[in-house]
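Trainee: My numbering puts the sequence shown at residues 586 to 955. This is the structure, below, for whatever I ask next.
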Amino acid sequence: MNKKIRLGILFGGRSGEHEVSLTSAASLMKALDPEKYEVVPIGITREGKWLVGSAADRLLPAVLENGKPVTPSVDPSGPKLIVLDRHSAQPPPPGADIDVIFPVLHGTFGEDGTVQGLLELAGIPYVGAGVLGSAVGMDKDVMKRLFRDAGLPVAPWILVLRNEWESDRARQLKRIGKSLRYPVFVKPANLGSSVGISKVHGAREVAPAVDLAARYDRKILIEKGVDGREIECAVLGNDRPAASVPGEIIPVNEFYDYEAKYVKEGSELIIPARLTPRQTKLAQEYSVRAFQATDCAGMARVDFLLERKTGKLYVNEINTIPGFTPISMYPKLWEASGIPYPQLINRLVELALERQREKVRTSYDYNPSP
586 MNKKIRLGIL
596 FGGRSGEHEV
606 SLTSAASLMK
616 ALDPEKYEVV
626 PIGITREGKW
636 LVGSAADRLL
646 PAVLENGKPV
656 TPSVDPSGPK
666 LIVLDRHSAQ
676 PPPPGADIDV
686 IFPVLHGTFG
696 EDGTVQGLLE
706 LAGIPYVGAG
716 VLGSAVGMDK
726 DVMKRLFRDA
736 GLPVAPWILV
746 LRNEWESDRA
756 RQLKRIGKSL
766 RYPVFVKPAN
776 LGSSVGISKV
786 HGAREVAPAV
796 DLAARYDRKI
806 LIEKGVDGRE
816 IECAVLGNDR
826 PAASVPGEII
836 PVNEFYDYEA
846 KYVKEGSELI
856 IPARLTPRQT
866 KLAQEYSVRA
876 FQATDCAGMA
886 RVDFLLERKT
896 GKLYVNEINT
906 IPGFTPISMY
916 PKLWEASGIP
926 YPQLINRLVE
936 LALERQREKV
946 RTSYDYNPSP
């Protein structure tokens with residue numbers, strides 16, 4: 586009998602997308618094959634505490650309330666999780682020797698490379714992009730620069746720093762009005778799930794929108810508003826990634842904001858998207874190129890805007906830890922492409938272990954050949 590894979594499901598986190606993470610993780614755990622995996626739920630509270638539960642803990646809020654306090658080790662030769670107990674005569678917690686971690690953390694302190702760096706130090710294989718890909722995927726300004734340099738079409742944008750905005754609003758307002766025509770989107774550069782994003786239709790709406798975005802990041806992106814259809818494509822793989830069939834989202838709100846994604850019912854998902862064969866091929870090609878341009882691994886979802894007037898396809902952003910909730914596009918797109926949810930999870934774990942084997946081949950010290 587093959588040994589079960591000890592799979593740590595890392596969820597929760599300090600970001601504004603904490604609740605979304607719990608929903609994604611619960612959906613993921615429900616789909617796991619109990620004959621193949623020994624599940625170790627690892628929750629991060631809103632305050633940043635790490636807590637581990639047992640395989641029997643299927644109610645994730647209970648893990649966050651009653652789990653054993655732990656911290657990841659930065660020693661790759663020792664236990665992966667260390668008990669945080671002043672009377673530490675107790676044995677290591679369940680999952681101390683985790684085989685692989687599946688981070689289901691959305692947003693800051695989870696999707697931005699911080700947790701990935703910690704897992705790299707600990708030598709723990711994990712699903713998804715590494716430190717660089719995660720950080721770039723979170724920073725919309727750097728992401729768009731890389732897309733542009735890779736020859737991918739992106740909507741025009743400018744960047745405003747929070748201290749620039751706070752020190753001279755009038756100057757920045759003038760710069761925004763001169764650089765872009767309305768409508769524009771105002772976004773925190775580093776955040777997910779459309780938190781802090783506003784669609785601005787005229788000059789009077791700019792200041793409140795920038796104030797909102799500045800609550801969430803020191804970098805504020807102001808981007809040309811594209812009147813377009815919202816197209817999404819899923820990517821799977823490491824060095825040879827593949828793209829799913831594209832899907833389309835028809836949001837219940839004016840655009841696909843946080844409320845339309847997670848709160849209000851009525852947004853429509855169309856899979857596959859009603860595109861021409863050429864548009865479908867282009868979306869898939871751009872998705873793979875965006876994945877490679879940002880040095881991603883394992884999984885990602887690439888979002889597009891298909892301009893209604895011109896039919897031009899713009900790459901909007903890449904999401905390195907897409908949602909795994911029952912209504913999330915990433916698993917739905919792969920299911921429509923012939924990979925059911927449980928099989929998709931298996932493949933993502935395989936890719937994480939494959940990537941770890943590749944890392945082991947790398948030498949980190951100088952040892953010249955004789």
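All C-beta atoms in this analysis are idealised placements derived from N, C-alpha and C, irrespective of residue type, glycine included. Computed from a predicted structure; not experimentally measured.
From R874 to E604, what does the alpha carbon distance come to, in whole angstroms?
Mentor: Here residue 874 corresponds to residue number 289 of the sequence shown, with the count starting at 1. Here residue 604 corresponds to residue number 19 of the sequence shown, with the count starting at 1. Taking the straight line joining both Cα atoms gives about 31 angstroms.
Trainee: With respect to the beta strand (DSSP E) encompassing Y871, which residues constitute its N-terminal and C-terminal limits?
Mentor: As a first step, residue 871 is located in the sequence shown; it is residue number 286 there, counting from the start. Where Y871 is concerned, there is no enclosing beta strand (DSSP E), although the alpha helix (DSSP H) it sits in stretches over 862 to 878.
Trainee: In the structure shown, what three-state DSSP assignment does E935 receive?
Mentor: For the purposes of this step, residue 935 is taken as the residue at position 350 of the sequence shown. E935: helix per DSSP, three-state reduction.
Trainee: Between the Cα of S852 and the Cα atoms of T905, M914, K809, which residue gives the shortest distance?
Mentor: Taking the sequence shown and counting its residues from 1, the one referred to as residue 852 is at position 267. Ranking the options by Cα distance to S852, first place goes to M914.
Trainee: Can you list, in chain order, the residues of its chain whose CB lies under 7 angstroms from that of R631, leaving out five sequence neighbours each side?
Mentor: Mapped onto the sequence shown, residue 631 falls at position 46. Cβ neighbours of R631 beyond the five flanking positions: R599, H603.
Trainee: In whole angstroms, what is the alpha-carbon distance linking T861 and A868?
Mentor: On the sequence shown, residue 861 is found 276 positions in, with the first residue counted as 1. On the sequence shown, residue 868 is found 283 positions in, with the first residue counted as 1. T861 and A868: Cα-Cα distance of roughly 11 angstroms.
Trainee: Taking the alpha carbon of E902 as the reference point, which residue from G822, E623, V712, S779 has its own alpha carbon closest?
Mentor: The residue you call residue 902 lines up with position 317 of the sequence shown. Measuring from the Cα of E902, the nearest candidate turns out to be S779.
Trainee: Can you give me the C-alpha to C-alpha distance between V811 and E705, rounded to a whole angstrom?
Mentor: By one-based count along the sequence shown, residue 811 stands at place 226. By one-based count along the sequence shown, residue 705 stands at place 120. Rounded to whole angstroms, V811 to E705 spans 39 angstroms at the Cα level.
Trainee: Apart from the five residues on each side of it in sequence, which residues of its chain come closer than 7 angstroms, Cβ to Cβ, to K665?
Mentor: Within the sequence shown, residue 665 is the residue found at index 80, counting from 1. Here the set comprises P657, S658, A681, D682, I683, A707, I709.
Trainee: Kindly give me the distance between the Cβ atoms of P741 and L765, rounded to whole angstroms, as I take these residues to be in contact under 8 angstroms.
Mentor: Here residue 741 is taken as the residue at index 156 of the sequence shown, counted from 1. Here residue 765 is taken as the residue at index 180 of the sequence shown, counted from 1. That pair is a contact at about 6 angstroms.
Trainee: Mind pulling the beta strand (DSSP E) runs of 3 or more residues that sit fully within the segment 603 to 664?
Mentor: Those beta strand (DSSP E) runs which fall completely within the segment 603 to 664 and span 3+ residues are 622 to 629, 635 to 637, 653 to 657.
Trainee: Spell out whether any CB of chain D is found under 9 angstroms from the CB atom of T699.
Mentor: Absence of chain D from the displayed structure is noted, only one protein chain being present.
Trainee: With a floor of 3 residues, list each beta strand (DSSP E) that falls wholly inside the segment 891 to 953, ordered by position along the chain.
Mentor: Listed in chain order, the complete beta strand (DSSP E) runs (minimum 3 residues) inside the segment 891 to 953 are 898 to 904.
Trainee: Do you know how far the Cα of I629 is from the Cα of I856?
Mentor: In the sequence shown, the residue the question calls residue 856 occupies position 271. In the sequence shown, the residue the question calls residue 629 occupies position 44. Taking the straight line joining both Cα atoms gives about 33 angstroms.
Trainee: Within 10 Å of its beta-carbon, does H786 have 16 or more other beta-carbons around it, so buried, or fewer, so exposed?
Mentor: Numbered from its first residue, the sequence shown carries residue 786 at position 201. By the neighbour-count rule (16 or more Cβ atoms within 10 Å), H786 is not buried but exposed.
Trainee: Using DSSP with H/G/I as helix, E/B as strand and the rest coil, what is I594?
Mentor: Counting from one through the sequence shown, the residue named residue 594 turns up at place 9. I594: strand per DSSP, three-state reduction.
Trainee: Quick one: what does DSSP say A788 is sitting in, helix, strand or coil?
Mentor: Numbered from its first residue, the sequence shown carries residue 788 at position 203. Looking at A788 - three-state DSSP - the assignment turns out to be helix.
Trainee: Report, in whole angstroms, the separation of the C-beta atoms of K588 and K621, which I expect to be a contact under 8 angstroms.
Mentor: On the sequence shown, position 3 is the one that residue 588 refers to. On the sequence shown, position 36 is the one that residue 621 refers to. Contact flag wrong, Cβ pair sits at about 10 angstroms.
Trainee: Can you round the beta-carbon distance between V795 and V745 to whole angstroms, since I take them to be within the 8 angstroms contact cut?
Mentor: For the purposes of this step, residue 795 is taken as the residue at position 210 of the sequence shown. For the purposes of this step, residue 745 is taken as the residue at position 160 of the sequence shown. That pair is a contact at about 7 angstroms.
Trainee: How many whole angstroms separate the CB atoms of G822 and L797, which I take to be in contact at a CB cut-off of 8 angstroms?
Mentor: By 1-based counting over the sequence shown, the position of residue 822 is 237. By 1-based counting over the sequence shown, the position of residue 797 is 212. About 37 angstroms separates the two Cβ atoms, so there is no contact after all.
Trainee: Under 9 angstroms between the Cβ atoms of L595 and V700?
Mentor: Mapped onto the sequence shown, residue 595 falls at position 10. Mapped onto the sequence shown, residue 700 falls at position 115. Yes, Cβ-Cβ distance for L595 and V700 is below 9 angstroms.
Trainee: Can you look up D796 in the DSSP assignment and give me helix, strand or coil?
Mentor: Within the sequence shown, residue 796 is the residue found at index 211, counting from 1. DSSP places D796 in helix when its eight states are reduced to three.
Trainee: To which residues of the same chain is P677 closer than 6 angstroms at the C-beta, ignoring the five residues directly before and after it?
Mentor: Translated into positions along the sequence shown, residue 677 becomes position 92. In this prediction, P677 has a pLDDT of 48, which is less than 50 and means its spatial position is unreliable; what the coordinates show is noted afterwards. So the qualifying residues of the chain are P664.
Trainee: Using 8 angstroms as the threshold, is the segment 939 to 953 in touch with the segment 907 to 923, meaning 3 or more CB pairs across them?
Mentor: They do not touch, by the three-pair rule.
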